[in-house]
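Peer 1: Input: one structure, supplied below.
What follows is the structure, given as structure tokens:
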């Protein structure tokens, strides 16, 4: 594994140290994990995520039960 160096603002470096300590990992490990997420898991610039497409639909239908997404009783008989 190669080594790189980078400059970070003091506030970001402090947050990095605090988070690494809380998670009991090294700062290097946390930076690698964060970089991997940014490069591989996030939608690329110009790509739209499913959340982005449906964000404005959340809460669009009024009068539905609050537990609709969690309670299986609402799915009984669905698709029959």
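In our numbering, the protein residues as written are 63 to 142.
Backbone N, C-alpha and C fix where the C-beta goes; we use that ideal spot for every residue, glycine too.
If you draw a straight line from the C-alpha of residue 92 to the C-alpha of residue 113, how long is it?
Peer 2: Position 30 of the chain shown, counted from the start, is the residue given in the question as residue 92. Position 51 of the chain shown, counted from the start, is the residue given in the question as residue 113. Going from the Cα of residue 92 to the Cα of residue 113 covers about 26 angstroms.
Peer 1: Could you check what DSSP says for residue 94 in three-state terms: helix, strand or coil?
Peer 2: Locating residue 94 in the chain shown gives position 32, counting from the first residue. Residue 94: helix per DSSP, three-state reduction.
Peer 1: Would you kindly check if the distance between the Cβ of residue 79 and the Cβ of residue 69 is under 8 angstroms?
Peer 2: Counting from 1 along the chain shown, the entry for residue 69 is found at position 7. Counting from 1 along the chain shown, the entry for residue 79 is found at position 17. Not a contact, by the Cβ cut-off of 8 angstroms.
Peer 1: Restricting to Cα atoms, I'd like to know which of 66, 110, 132, 72 is closest to residue 97.
Peer 2: Locating residue 97 in the chain shown gives position 35, where the first residue counts as 1. Answer by Cα proximity: 66.
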